[in-house]
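Just so we're aligned, residue 323 is where the sequence shown starts under this note's numbering, counting upward by one.
Below is one structure, written out as structure tokens, with a few remarks after it.
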Amino acid sequence: MIDTHVHLDDPAFDEDREEVIQRIQDQKMDFVVNIGSDLPSSIRGVDLARDYDFIYAAIGVHPHEAKTYGPEVEEKLRALAQEKKVVALGEIGLDYFYDYSPREVQREVFQKQLDLAHDLGLPIVIHSREATKETFDIIAAHLDKYPEDKINIHCFSGSVEVMEAYVKMGCFIALGGTVTFKNAKVPKEVAKKVPLDHLLLETDCPYLTPEPKRGKRNEPVNVFLVADYIANLRGMSLDELLKVTDQNARHFYGIKA
Ligand SMILES: [Zn+2]
323 MIDTHVHLDD PAFDEDREEV IQRIQDQKMD FVVNIGSDLP SSIRGVDLAR DYDFIYAAIG
383 VHPHEAKTYG PEVEEKLRAL AQEKKVVALG EIGLDYFYDY SPREVQREVF QKQLDLAHDL
443 GLPIVIHSRE ATKETFDIIA AHLDKYPEDK INIHCFSGSV EVMEAYVKMG CFIALGGTVT
503 FKNAKVPKEV AKKVPLDHLL LETDCPYLTP EPKRGKRNEP VNVFLVADYI ANLRGMSLDE
563 LLKVTDQNAR HFYGIKA
């Protein structure tokens with residue numbers, strides 16, 4: 323079992339991080355990937371990856387923090403990327419729901435980091451909220467530079483049609499707790515229809531806790547709840563689902579068994 327998207331460096335885990343990490347081990351999960359939100363969190367993620375075998379790191383600047391991006395941050399990301407256990411650039415993208423950074427800045431920083439990922443030869447973890455079309459267009463415009471299976475649309479929240487268009491481009495679709503929410507009709511449809519060989523599972527912890535734990539802080543072991551829910555939706559066993567999604571995660575991040 324693999325959680326492809328966690329934020330263990332988040333202050334929400336400051337009180338009991340070691341216990342949360344211990345539970346990953348107790349559940350015999352294969353590995354988790356800690357995703358960067360800005361430079362400091364990327365550094366914290368790399369530190370965690372150094373401390374624990376089963377933690378890997380993605381580094382990058384989230385669209386919320388796009389205004390913090392500049393040549394110095396980029397240089398530091400380049401240096402961090404030399405660490406062995408840095409397996410992706412992310413999360414990067416556009417967030418027009420919160421608009422914490424001006425949209426122009428978000429677009430520019432997104433494209434700069436796409437170029438950076440290309441330079442570094444790293445796969446990309448995408449965050450997109452209320453910016454479906456622009457995110458899609460920017461990725462499509464950069465696609466010639468990437469192997470087609472090196473883009474992951476994290477916490478995918480679009481329609482079945484948009485999912486299909488991404489899959490056609492070769493992207494992975496990552497699904498988490500939102501699929502389990504009672505009123506989430508479209509995510510459930512997407513979870514049923516996404517081709518299995520393009521599906522990744524994630525928690526995005528500490529956020530987006532799946533049912534029936536919704537309302538509490540999320541943590542990596544809850545990816546089991548997501549997997550179980552999606553296996554049920556698709557009428558398959560948990561083992562059958564995990565066999566493929568774990569293989570997808572290893573393939574995407576380039577982590578061998
Ligand atoms: Zn995230």
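From the three backbone atoms N, C-alpha and C, an ideal C-beta is built for every residue, glycine too.
Because the structure is a prediction, the values reported are computed rather than measured.
- Excluding five sequence positions before and after Val395, the CB atoms of its chain that fall closer than 6 Å to its own CB belong to Leu361, given in chain order.
- Straight-line spacing of the CA atoms in Asn570 and Glu562 works out to 13 Å.
- By a beta-carbon distance limit of 8 Å, Cys493 does not contact Asn505. Their separation comes to about 26 Å.
- Secondary structure note for Asp568: it is in no beta strand (DSSP E), and the uninterrupted alpha helix (DSSP H) holding it is Leu560 to Tyr575.
- Glu430 and Gly557 have their C-alpha atoms roughly 42 Å apart.
- Per DSSP, Phe419 is not a residue of any beta strand (DSSP E), being assigned neither H nor E.
- Within 10 angstroms of the beta-carbon of Asn554 lie fewer than 16 other beta-carbons, which makes it exposed.
- Residue range Ile377 to Ile381 is occupied by the beta strand (DSSP E) that includes Tyr378, with no alpha helix (DSSP H) assigned at that position.
- A distance criterion of 7 Å places the beta-carbon of Asp325 beyond contact range of ligand 1, judged by its closest non-hydrogen atom.
- When DSSP states are grouped into helix, strand and coil, Ala410 belongs to the strand group.
- Counted as a single uninterrupted DSSP element, the beta strand (DSSP E) harbouring Asn356 occupies residues Phe353 to Ile357.
- Counting every other CB atom within 10 Å of its CB across the protein chains shown gives Ala410 a total of 16 or more, marking it as buried.
- Boundaries for Val501: no alpha helix (DSSP H) harbours it, and the DSSP string shows neither H nor E there.
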